[in-house]
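Read top to bottom, the protein sequences are chains V and B.
Under this note's numbering, read the first sequence as residues -6 to 175, first letter to last.
Under this note's numbering, read the second sequence as residues -6 to 175, first letter to last.
Glycine included, each C-beta is placed from N, C-alpha and C at the ideal position.
Notes to accompany the following structure.
2 protein chains.
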Amino acid sequence: MKLTNLQQEFVLHFGEMGSRWGINRTVGQIYALLFLSSEPLNAEQITDGLGVSRSNTSMGLKELQSWNLVRMKHFPGDRRDYFTTPEDLWEITRILIAERKKREIDPTLTKLRELELEGPKGDNYAEARIAELREMIELMTGFYDDMEKLETERLVKMMTLGSKIAGLIDKTSGALSLTKRK
Amino acid sequence: MKLTNLQQEFVLHFGEMGSRWGINRTVGQIYALLFLSSEPLNAEQITDGLGVSRSNTSMGLKELQSWNLVRMKHFPGDRRDYFTTPEDLWEITRILIAERKKREIDPTLTKLRELELEGPKGDNYAEARIAELREMIELMTGFYDDMEKLETERLVKMMTLGSKIAGLIDKTSGALSLTKRK
DNA sequence: CAGTCATTTCAGAAATTTCTGAAATTGAGA
DNA sequence: TCTCAATTTCAGAAATTTCTGAAATGACTG
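Put into structure tokens, the structure is as follows:
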């Protein structure tokens, strides 16, 4: 499978960005290729589109599946596995955020709670700092949970409103703050 | 410098999480240690607190400075550099988000724009997908820019409101959507 | 059930990243 | 200007991650 110039550039970019995104080059490239393909691709096509080994493709696809970022499809009379990315970019974004939260935030939240459960150890500053960090993460993940539930339509509207939201917020009563009162 | 048990556990956790966060173990550990210290620490103290080489500490601190995550301080009559993390967790969060955006998103946005500027190449599906992705990123980064400008007080209020925001949004007129109309 | 095709696994090779110790550089004070 | 503590740089060692080819596994077909 010969890639078009556009595909090639896009794929290489995603490969390079991979390490910053916490995935490896091949995984980034596979994802990019699938993202730009109108048709599902099988492992063979991906392998020679990218010029990597068949086994590398297999591992990359496994990784993408663990991220829920690809879907497997089958065609009648063809026993190979075909892969696509979800059509809807919002769905992709939701998945990405959910997975990153799971990998990058949840373990730390768990750890912080564990540390607090062990009870005061006499290091007041550190204990306070840890509690503060846990509260902050809880506030943010709580907000995330709420946003996660919103339909895309509303989410888009909210994002489009942007800073106008500040006005709306001010109109509601009951200020609450986690920050230190001066 | 002997770490307390609490510091030790916290530091080790941040070290392990480092790779998921796109920093290396030492950088994660240095940050964790500074985060839990009520007093600024110098490179020497960090080095023996963590049990890494002096040069590793130096490189880690340089990295953290490039992320804007530590501040350097000096004491009269002491020419060593001392380091702290910002007190305010919200400030830290803002910095983190800004830096991750800069490293993980901006380069891709630039790339997508470049690809579009090169003009139609005949691969309609890929071109459409790229445009769609660019629009999505622009919507989200635009929203981010707006949120970034809000004072912490309002941000906290917004997060606390959570799903109640949906109601507020509905009350404003002028629905707008990037999603496909059914 | 033998043969074929597709996929996965896995040990080791290759590449990359992290870390160290030694040397070089910096800069404040004598 | 010289000295020396502090810091940075950097080449190579160590550790880790990624990638490959070969072998194993699975699963359908005649």
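Would you list the one or two residues that DSSP bridges to residue 34/B?
Beta-bridge pairing by DSSP links residue 34/B to 76/B.
Closest residue to residue 80/V among -1/B, 122/B and 6/B (Cα-Cα distance):
The residue with the shortest Cα to Cα distance from residue 80/V is 122/B.
Rounded C-alpha distance that separates residue 85/V from residue 6/B:
29 Å
Quick one, which residues of the segment 142 to 157 of chain B are near chain V if we go by CB-CB under 7 Å, in chain order?
142, 143, 145, 146, 147, 149, 150, 151, 152, 153, 154, 155 and 156
Using 10 angstroms around the beta-carbon of residue 33/B, count the other beta-carbons present and answer buried if the total reaches 16, otherwise exposed.
The residue in question, residue 33/B, is buried, as its Cβ has 16 or more Cβ neighbours within 10 Å.
Please report whether the beta-carbon of residue 75/B lies at a distance below 9 Å from any beta-carbon of chain V.
no
Does DSSP classify residue 104/B as helix, strand or coil?
helix
Rounded straight-line distance, which links the Cα of residue 41/B to that of residue 61/B:
23 Å
What span of residues does the beta strand (DSSP E) with residue 66/B cover, start to end?
64 to 68
Going by DSSP, name the residue or residues bridged to residue 71/V.
68/V
For a quick check, are the C-beta atoms of residue 19/V and residue 53/V less than 9 Å apart?
yes
Does any residue of chain B have a CB that is nearer than 9 Å to the CB of residue 161/V?
yes
Cβ separation of residue 64/V and residue 76/V, assumed to be a contact under 8 Å, to the nearest whole Å
Right, their Cβ atoms sit about 7 Å apart.
With a Cβ-Cβ cutoff of 9 Å, do residue 36/V and residue 74/V count as a contact?
Taking the C-beta atoms as reference points, residue 74/V is found nearer than 9 Å to residue 36/V.
Quick one: which chain B residues come within Cβ less than 8 Å of residue 118/V?
Within chain B, the residues near residue 118/V are 29, 30 and 31.
Extent of the continuous alpha helix (DSSP H) to which residue 10/B belongs:
That run of the alpha helix (DSSP H) goes -2 to 14.
Would you say residue 138/B reaches chain V, if we count a Cβ-Cβ gap shorter than 9 Å as a contact?
yes
Residue 158/B beta carbon less than 9 Å from that of residue 158/V
The criterion of a C-beta distance shorter than 9 Å is satisfied by residue 158/V and residue 158/B.
Apart from the five residues just before and just after residue 43/V, which ones in its own chain have a Cβ nearer than 6 Å to its Cβ?
22
Which residue from 147/B, 117/B and 130/B puts its Cα closest to that of residue -1/V?
Minimum Cα distance to residue -1/V is reached at 117/B.
Is the CB of residue 0/B under 9 Å away from at least one CB in chain V?
yes
Per DSSP, what kind of secondary structure is residue 114/V in: helix, strand or coil?
coil
Our contact map puts residue 164/B next to residue 162/V with C-beta atoms below 8 Å; I'd like the distance itself, whole angstroms only.
The pair is not a contact, with the Cβ atoms about 13 Å apart (cut-off 8 Å).
For residue 60/V, decide whether its Cβ has a neighbour in chain B, counting only Cβ atoms nearer than 9 Å.
no
When you check each C-beta in the segment 39 to 58 of chain B against every C-beta of chain V, which residues fall closer than 9 Å?
none
Using the three-state DSSP reduction, which class does residue 120/B fall into: helix, strand or coil?
helix
So, helix, strand or coil for residue 60/V, using DSSP?
coil
Between residue 110/V and chain B, is there a C-beta pair that is closer than 9 Å?
Cβ-Cβ to chain B under 9 Å: no for residue 110/V.
Using a Cβ-Cβ cut-off of 9 Å, state whether residue 170/V counts as contacting chain B.
Note on residue 170/V: pLDDT 45, under 50, position unreliable in the model; no value is reported.
Shortest alpha-carbon distance to residue -6/B belongs to which of 15/B, 9/B, 45/B and 14/B?
45/B
Could you pull out every residue in the same chain whose Cβ sits closer than 8 Å to the Cβ of residue 78/B, ignoring the five residues on either side in sequence?
24, 27, 28, 62, 63, 64 and 85
Residues of the segment 120 to 136 of chain B with a CB closer than 8 Å to any CB of chain V: list them in chain order, please.
120, 122, 123, 125, 126, 129, 132, 133, 135 and 136
Please compile the residues from chain B whose C-beta is within a distance smaller than 8 Å of the C-beta of residue 180/V.
No information on residue 180/V is available, as it lies outside the stretch -6 to 175 that chain V covers here.
Can you find a CB in chain V that lies within less than 9 Å of the CB of residue 106/B?
Interface annotation, residue 106/B: not in contact with chain V, CB-CB separation never under 9 Å.
Exposed unless 16 or more other CB atoms sit within 10 angstroms - verdict on residue 11/V
Taking a 10 Å sphere around the C-beta of residue 11/V, we find 16 or more other C-beta atoms and assign the residue as buried.
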